[in-house]
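First to last, the sequence lines map onto chains A and B.
Numbering-wise, the first sequence is residues 16 to 262 according to my numbering.
Numbering-wise, the second sequence is residues 16 to 262 according to my numbering.
Using N, Cα and C, we set each Cβ at its ideal position, and we do this for glycine too.
Number of protein chains: 2
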Amino acid sequence: MTFEPRQPASRSLALTGSHPAQPTFSYSHVVLAGIRRQEHWSRTCFSKKTPSRALALKNIDYEIVAINLIKDGGQQFSKEFQALNPMKQVPALKIDGITLSQSLAIIEYLEETRPTPRLLPQDPKKRAQVRMISDLLASGIQPLQNLSVLNQVGKENQLTWAQRVIAPGFNALEQILQSTAGKYCMGDEVSMADLCLVPQVANAERYKVDLSPYPTISRINKSLLALEAFQVSHPSRQPDTPPELRA
Amino acid sequence: MTFEPRQPASRSLALTGSHPAQPTFSYSHVVLAGIRRQEHWSRTCFSKKTPSRALALKNIDYEIVAINLIKDGGQQFSKEFQALNPMKQVPALKIDGITLSQSLAIIEYLEETRPTPRLLPQDPKKRAQVRMISDLLASGIQPLQNLSVLNQVGKENQLTWAQRVIAPGFNALEQILQSTAGKYCMGDEVSMADLCLVPQVANAERYKVDLSPYPTISRINKSLLALEAFQVSHPSRQPDTPPELRA
Numbered sequence: 016m017t018f019e020p021r022q023p024a025s026r027s028l029a030l031t032g033s034h035p036a037q038p039t040f041s042y043s044h045v046v047l048a049g050i051r052r053q054e055h056w057s058r059t060c061f062s063k064k065t066p067s068r069a070l071a072l073k074n075i076d077y078e079i080v081a082i083n084l085i086k087d088g089g090q091q092f093s094k095e096f097q098a099l100n101p102m103k104q105v106p107a108l109k110i111d112g113i114t115l116s117q118s119l120a121i122i123e124y125l126e127e128t129r130p131t132p133r134l135l136p137q138d139p140k141k142r143a144q145v146r147m148i149s150d151l152l153a154s155g156i157q158p159l160q161n162l163s164v165l166n167q168v169g170k171e172n173q174l175t176w177a178q179r180v181i182a183p184g185f186n187a188l189e190q191i192l193q194s195t196a197g198k199y200c201m202g203d204e205v206s207m208a209d210l211c212l213v214p215q216v217a218n219a220e221r222y223k224v225d226l227s228p229y230p231t232i233s234r235i236n237k238s239l240l241a242l243e244a245f246q247v248s249h250p251s252r253q254p255d256t257p258p259e260l261r262a
Numbered sequence: 016m017t018f019e020p021r022q023p024a025s026r027s028l029a030l031t032g033s034h035p036a037q038p039t040f041s042y043s044h045v046v047l048a049g050i051r052r053q054e055h056w057s058r059t060c061f062s063k064k065t066p067s068r069a070l071a072l073k074n075i076d077y078e079i080v081a082i083n084l085i086k087d088g089g090q091q092f093s094k095e096f097q098a099l100n101p102m103k104q105v106p107a108l109k110i111d112g113i114t115l116s117q118s119l120a121i122i123e124y125l126e127e128t129r130p131t132p133r134l135l136p137q138d139p140k141k142r143a144q145v146r147m148i149s150d151l152l153a154s155g156i157q158p159l160q161n162l163s164v165l166n167q168v169g170k171e172n173q174l175t176w177a178q179r180v181i182a183p184g185f186n187a188l189e190q191i192l193q194s195t196a197g198k199y200c201m202g203d204e205v206s207m208a209d210l211c212l213v214p215q216v217a218n219a220e221r222y223k224v225d226l227s228p229y230p231t232i233s234r235i236n237k238s239l240l241a242l243e244a245f246q247v248s249h250p251s252r253q254p255d256t257p258p259e260l261r262a
């Protein structure tokens, strides 16, 4: 697969005046991405980058609007943001006159309306396996160690908690990948499953999960990070990346 | 939509002898469903019933194999179960020579290979909205209050925890449904989203979530529970339902 991902335009949500106007955008596709304080920039990996990387892989121009989830009591609750997304959720994608949230639902929509290059294989059984891996990551692991859960378990327990929820998921995943993987999660083509894998490995590294029992996961992750589409949307090249961490 | 769901055959995993043989089944489609102790029978709503209801709605014969997740240190780790599912996960569906886990991946596979009756609308935007609702339930709410998480937060905190994670998800869902729902989550046809809704409302009731702020959710749930396919797979008619709670 070859592609020429374009560098996305990006901006933060402007909150000025008491009469919010609908912002205008350079592109017709807008990713509404939640950010937190600068020190939390890398935590938003999964939710923010998965839709952006899908757009980059499909060579679709897009613009990012960064929504600060902490500032002003959470900009997602502001009138300005609600004008963009009445559901008050991030990430979201404004596209074709609708606003979609949930990363996998966004990718499936892109796949059905912009099928080339594919992010799901053609064979139904392989498609099912890609979805199984994606769901294992997006439902079986990611929600259990997202910021809202970690806040509730308390700072001193976060590392242990995160390790305890990531390890069983990675055990199942490693076993599945041994029968599905080639260069990537499903054979040698980048798929939706790969878009879910990379941010979860980044989180595992953040929480110091020992990755040595997961050689297949580690190898695939390394192959993916070498791809241009994953570099454009890498944490070190995000609009909210602190200057000292910029690539 | 009219259908004649068939009553599934069911059995518990037999663990006899030291040389496990591959069991034989009456049907070619087998749902591997995790159960816990009898007092936990209703907790497995989401994982166990979602694939079963999809099969019932599509009028596909199936057999349930109940795997006791507590007994013998967890029957999912036994050789007998690994012969059925090397991933050691429930729920899973053995179908067409492959074993799939993850409820939504299973439903998507059924939809692609057995398209009638539909569980996803034909229109791509409506399909996307059904997937968004399904993901919100399956990734955004369900994992945060499943048994493994509740065990970790401690018995005295379970009710508060469950209420705190269900309410924000239901707030977002209620808002989405106001623009998508007819009789069911998406218009007047039963969809994948409805399969995700019913077990989550059952869990909310279990954890005494006040449902009065969610009139749309409550109304749809009531309509769905009146359908035969949802009654066949109701908690009161499961193989592990204690006798005193049987319908």
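For residue i, which residues does DSSP report across the bridge?
i: leucine 115 (chain B); result: B:Leu108
i: glutamate 204 (chain A); result: A:Met201
i: valine 45 (chain B); result: B:Glu78 and B:Lys109
Please report how far the alpha carbon of residue i lies from the alpha carbon of residue j, in whole angstroms.
i: lysine 94 (chain B); j: lysine 103 (chain B); result: 10 angstroms
i: valine 8 (chain A); j: glutamine 157 (chain A); result: This structure cannot settle anything about residue 8 (chain A), because the visible part of chain A is limited to 16 through 262.
i: tyrosine 124 (chain B); j: serine 67 (chain B); result: 14 angstroms
i: leucine 99 (chain A); j: lysine 109 (chain A); result: 8 angstroms
i: serine 194 (chain B); j: valine 205 (chain B); result: 16 angstroms
i: serine 81 (chain A); j: serine 149 (chain A); result: One point to set straight first is that residue 81 (chain A) is alanine, not serine, in the sequence displayed. Each residue's Cα considered, the two are about 25 angstroms apart.
i: proline 92 (chain B); j: leucine 188 (chain A); result: Correcting the residue type first, residue 92 (chain B) is phenylalanine in the shown sequence and not proline. In a straight line, the C-alpha of phenylalanine 92 (chain B) is about 16 angstroms away from that of leucine 188 (chain A).
i: glutamine 178 (chain A); j: glutamine 190 (chain A); result: 18 angstroms
i: alanine 244 (chain B); j: leucine 72 (chain B); result: 6 angstroms
i: leucine 174 (chain A); j: lysine 223 (chain A); result: 8 angstroms
i: leucine 47 (chain B); j: asparagine 83 (chain A); result: 43 angstroms
i: methionine 201 (chain B); j: lysine 141 (chain B); result: 7 angstroms
i: glutamate 220 (chain A); j: glutamine 97 (chain B); result: 30 angstroms
i: methionine 147 (chain B); j: arginine 234 (chain A); result: 31 angstroms
i: glycine 88 (chain B); j: alanine 107 (chain B); result: 19 angstroms
i: arginine 133 (chain B); j: isoleucine 122 (chain A); result: 21 angstroms
i: glutamine 246 (chain A); j: valine 45 (chain B); result: 42 angstroms
i: alanine 275 (chain B); j: alanine 153 (chain A); result: In the structure as shown, chain B begins at 16 and stops at 262. Residue 275 (chain B) is therefore absent and cannot be evaluated.
i: arginine 52 (chain A); j: glutamine 90 (chain B); result: Caution is warranted here: a pLDDT of 48 is assigned to arginine 52 (chain A), below 50, making its placement in the model unreliable, and no coordinate value can be reported.
i: isoleucine 161 (chain B); j: valine 105 (chain B); result: Strictly speaking, residue 161 (chain B) in this sequence is asparagine, with isoleucine absent from that position. Whole-angstrom Cα-Cα distance: 13 angstroms.
i: glycine 155 (chain A); j: threonine 131 (chain B); result: 29 angstroms
i: aspartate 203 (chain A); j: isoleucine 232 (chain B); result: 42 angstroms
i: leucine 165 (chain A); j: tryptophan 176 (chain A); result: 8 angstroms
i: tyrosine 77 (chain B); j: proline 139 (chain A); result: 20 angstroms
i: glutamate 126 (chain A); j: lysine 86 (chain B); result: 43 angstroms
Name the chain A residues whose beta carbon is nearer than 8 angstroms to that of residue i?
i: aspartate 138 (chain B); result: In chain order: nothing, as chain A lies at least about 10 angstroms away.
i: arginine 142 (chain B); result: Glu123, Tyr124 and Glu127
Which residue marks the beginning of the alpha helix (DSSP H) containing residue i, and which one marks its end?
i: glycine 11 (chain A); result: Residue 11 (chain A) is absent from the structure shown; chain A starts at 16 and stops at 262.
i: asparagine 161 (chain A); result: Careful: asparagine 161 (chain A) lies outside any alpha helix (DSSP H) and carries neither H nor E.
i: arginine 146 (chain A); result: 139 to 153
i: leucine 99 (chain A); result: 94 to 99
i: glutamate 238 (chain A); result: Here residue 238 (chain A) is serine; the residue named in the question, glutamate, does not match the sequence. Taken as a continuous stretch (DSSP letters only), the alpha helix (DSSP H) holding serine 238 (chain A) covers 230 to 240.
Could you tell me which chain B residues have their CB closer than 7 angstroms to the CB of residue i, listed as they occur along the chain?
i: leucine 174 (chain A); result: Those do not exist, as leucine 174 (chain A) stays about 14 angstroms from chain B at its closest Cβ, beyond 7 angstroms.
Starting from residue i, find everything on chain A with Cβ-Cβ shorter than 7 angstroms and list it in chain order.
i: glutamine 246 (chain B); result: Going along chain A, no residue has its Cβ under 7 angstroms from glutamine 246 (chain B), so there is no contact; the nearest lies around 26 angstroms.
i: glutamine 104 (chain B); result: Ala187
i: alanine 120 (chain B); result: Ala143, Arg146, Met147 and Asp150
i: valine 164 (chain B); result: Leu159
Name the chain B residues whose beta carbon is nearer than 8 angstroms to that of residue i?
i: glutamine 160 (chain A); result: Near glutamine 160 (chain A) there are no residues of chain B at all, since even the closest Cβ is about 10 angstroms away, more than 8 angstroms.
i: glutamine 117 (chain A); result: Arg146, Met147, Asp150, Leu151, Ser154 and Gly155
Under 9 angstroms between beta-carbons, which chain A residues line up against residue i? List them in chain order, please.
i: isoleucine 113 (chain B); result: Lys140, Ala143 and Gln144
Can we say the region 202 to 214 of chain A touches the region 237 to 245 of chain A, given the rule of at least three CB pairs closer than 8 angstroms?
Contact annotation: the region 202 to 214 of chain A touches the region 237 to 245 of chain A, with at least three C-beta pairs closer than 8 angstroms.
Validate contact between the region 167 to 184 of chain A and the region 217 to 231 of chain A using beta carbons, cut 8 angstroms, 3 pairs:
yes
Check whether the region 113 to 123 of chain B and the region 168 to 178 of chain B touch, using three or more Cβ-Cβ pairs below 8 angstroms as the test.
No: fewer than three Cβ pairs fall under 8 angstroms.
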